[in-house]
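Each residue of the sequence shown is one higher than the one before, starting from 27 at the first, in the numbering used here. A short write-up of the structure that comes next.
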Amino acid sequence: AHGNTTTGTILVDIVDDVPTAYANTNSVSEGAQVSGNVLSDGTPDVLGADGAAPGGAVTGVATGSNVSNPVSGNLGGAGIAGQYGTLVLNANGTYTYTANPNAVTTNAVDHFVYTITDGDGDTSTVTLDITVNNVTVTASDTDALVYEKGLPAGSDAAGNSEIFNGAITPAGGTGPYTYTLNSSATGSYGNLVLNADGTYTYTLTHTYDGATLNNGITTEQDKDSFTYTVTDAHGNTTTGTILVDIVDDV
Numbered sequence: 027a028h029g030n031t032t033t034g035t036i037l038v039d040i041v042d043d044v045p046t047a048y049a050n051t052n053s054v055s056e057g058a059q060v061s062g063n064v065l066s067d068g069t070p071d072v073l074g075a076d077g078a079a080p081g082g083a084v085t086g087v088a089t090g091s092n093v094s095n096p097v098s099g100n101l102g103g104a105g106i107a108g109q110y111g112t113l114v115l116n117a118n119g120t121y122t123y124t125a126n127p128n129a130v131t132t133n134a135v136d137h138f139v140y141t142i143t144d145g146d147g148d149t150s151t152v153t154l155d156i157t158v159n160n161v162t163v164t165a166s167d168t169d170a171l172v173y174e175k176g177l178p179a180g181s182d183a184a185g186n187s188e189i190f191n192g193a194i195t196p197a198g199g200t201g202p203y204t205y206t207l208n209s210s211a212t213g214s215y216g217n218l219v220l221n222a223d224g225t226y227t228y229t230l231t232h233t234y235d236g237a238t239l240n241n242g243i244t245t246e247q248d249k250d251s252f253t254y255t256v257t258d259a260h261g262n263t264t265t266g267t268i269l270v271d272i273v274d275d276v
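Structure representation (structure tokens):
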């Protein structure tokens with residue numbers, strides 16, 4: 027009331043709203059591809075009031091599990107090679123992981139860490155772990171059984187018993203399958219034709235015992251052999267062997 031004055035200062039403390047990232051997991055079969063978004067999958071990452079860093083919230087990715095320090099770079103492009111496959115992580119959080127075929131013998135985990143950064147440079151670093159599931163491709167086939175009597179000079183040349191038709195049966199992978207003959211198609215006693223669908227034909231071209239056809243009732247086991255590889259749609263493989271038994275002419 028009498029005009030006396032004093033001055034003071036009001037101080038304002040501002041608590042920074044830092045980002046919080048949450049660990050991510052995913053899984054994929056050997057040779058296959060999986061995709062996701064580290065920002066939104068599972069528990070969504072939080073950028074806070076400052077928003078994302080210029081260029082995108084995700085600012086780096088690296089292999090391993092060490093989250094004690096932020097990581098930078100390795101985004102987009104050809105990606106970053108992990109232990110069992112390749113990860114392509116983008117600044118907007120989207121990613122694809124492509125597992126290598128035949129990469130594991132039991133289920134295994136590929137470990138990555140990534141960092142998110144907000145608009146004023148605060149960071150949060152967490153893991154992205156991808157389980158690679160083992161794929162066991164198998165293949166079975168039937169031993170070829172052919173008869174010398176079906177040869178042109180044999181006792182039943184018209185019977186075509188010198189020819190055997192069979193098929194490789196794959197399992198455990200993802201079709202379609204491809205079939206590759208690893209050895210020569212020309213064996214010691216005949217020829218093998220392996221078709222694109224896994225069927226095969228073996229044709230005996232000459233006798234096992236020599237020029238004489240009628241030399242006893244004997245089945246000669248495993249006298250020709252042909253190795254092959256079966257590959258599934260994701261590049262996983264297995265190998266097998268077609269064996270040939272030859273029945274002597276009488």
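The C-beta atom is built at its ideal place from N, Cα and C for all residues, glycine as well.
Taking Cβ to Cβ, would you say residue i is nearer than 9 Å to residue j?
i: serine 150; j: aspartate 71; result: yes
i: threonine 132; j: glutamine 109; result: no
i: leucine 113; j: leucine 154; result: yes
i: leucine 230; j: isoleucine 194; result: no
i: tyrosine 173; j: serine 187; result: yes
i: valine 270; j: glycine 185; result: no
i: threonine 264; j: serine 55; result: no
Take the Cβ of residue i as the centre, count every other Cβ of all protein chains shown within 10 Å, and call the residue buried at 16 or more, exposed below.
i: aspartate 223; result: exposed
i: alanine 165; result: buried
i: asparagine 191; result: exposed
i: threonine 33; result: exposed
i: alanine 79; result: buried
i: threonine 143; result: buried
i: threonine 141; result: buried
i: glycine 130; result: In the sequence on display, residue 130 carries valine and not glycine. Answer is buried; the Cβ neighbour count reaches 16.
i: asparagine 126; result: buried
Out of curiosity, what's the CA-to-CA distance linking residue i and residue j?
i: serine 210; j: glycine 180; result: 26 Å
i: aspartate 235; j: aspartate 258; result: 40 Å
i: alanine 197; j: asparagine 262; result: 11 Å
i: histidine 137; j: tyrosine 205; result: 34 Å
i: alanine 27; j: isoleucine 40; result: 36 Å
For residue i, which residues does DSSP report across the bridge?
i: aspartate 250; result: Val270
i: isoleucine 106; result: Leu113
i: histidine 137; result: Asp155
i: asparagine 191; result: Thr227
i: valine 60; result: Tyr123
i: threonine 212; result: Asn217
Q: Pair every Cβ in the stretch 212-223 with every Cβ in the stretch 153-169, then say whether three or more of these pairs are closer than 8 Å.
A: Touching, no.
Q: Say whether the stretch 165-177 touches the stretch 51-65, bearing in mind that this needs 3 or more beta-carbon pairs closer than 8 Å, one atom from each stretch.
A: Because the criterion of three Cβ pairs below 8 Å is not met, the stretch 165-177 and the stretch 51-65 do not touch.
(Q) When you compare the stretch 118-129 with the stretch 89-101, are there three or more beta-carbon pairs, one atom per stretch, that lie closer than 8 Å? (A) For the pair of segments examined, the stretch 118-129 was found not to touch the stretch 89-101: the number of CB pairs separated by less than 8 Å stays below three.
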